[in-house]
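Colleague:
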Amino acid sequence: MILSELTAYLAEHKRVALIDMAHRFGSDPEALRGMLAILERKGRARKLPAESTCGGGCTKCDPATIEIYEWVGAEIERRSP
134 MILSELTAYL AEHKRVALID MAHRFGSDPE ALRGMLAILE RKGRARKLPA ESTCGGGCTK
194 CDPATIEIYE WVGAEIERRS P
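For the sequence shown, my numbering gives the first residue as 134, with consecutive numbering after it.
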């Protein structure tokens with residue numbers, strides 16, 4: 134996985150839990166944190182407070198146990214394959 138794939142995924146979904154990104158990309162959460170830190174430094178993403186919800190509405194997860202990241206950058210232009 135490369136940073137552009139993570140960027141596109143986060144931009145598309147707007148608000149995503151770290152564990153969901155780890156499952157989606159088959160990646161270690163620590164590796165994702167490093168890439169997400171790059172996006173945070175660039176002002177494209179931010180880590181939400183621990184009490185935040187993912188926005189999915191299911192309320193199955195304890196908000197205190199999940200890390201949620203939110204896209205704050207510009208819209209990503211989709212390219213045709």
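In this text, a Cβ means the ideal position worked out from N, Cα and C, and glycines have one as well.
#1: If I'm right that R203 touches R148 with Cβ under 8 Å, what's the distance once you round it to whole angstroms?
#2: Apart from the five residues just before and just after M154, which ones in its own chain have a Cβ nearer than 6 Å to its Cβ?
#3: Name, in chain order, the residues that DSSP records as bridge partners for K180.
#4: At what residues does the alpha helix (DSSP H) containing A170 begin and finish?
#5: Could you tell me if I201 is buried or exposed, where buried requires 16 or more neighbouring beta carbons within 10 angstroms of its beta carbon?
#6: Taking all protein chains shown into account, decide if L136 is buried (16 or more other Cβ within 10 angstroms of its Cβ) or exposed.
Modeller: Well, looking at it:
#1: Residue 203 is actually Glu in this sequence, not Arg. At roughly 5 Å, the Cβ-Cβ gap stays under 8 Å, so E203 and R148 are in contact.
#2: L165
#3: Paired residues: Y202.
#4: It spans P162 to R174 - the alpha helix (DSSP H) in which A170 sits, taken as one unbroken run.
#5: Burial of I201 is indicated by the presence of at least 16 other C-beta atoms within 10 angstroms of its C-beta.
#6: Counting Cβ neighbours within 10 Å, L136 comes out exposed, since fewer than 16 surround it.
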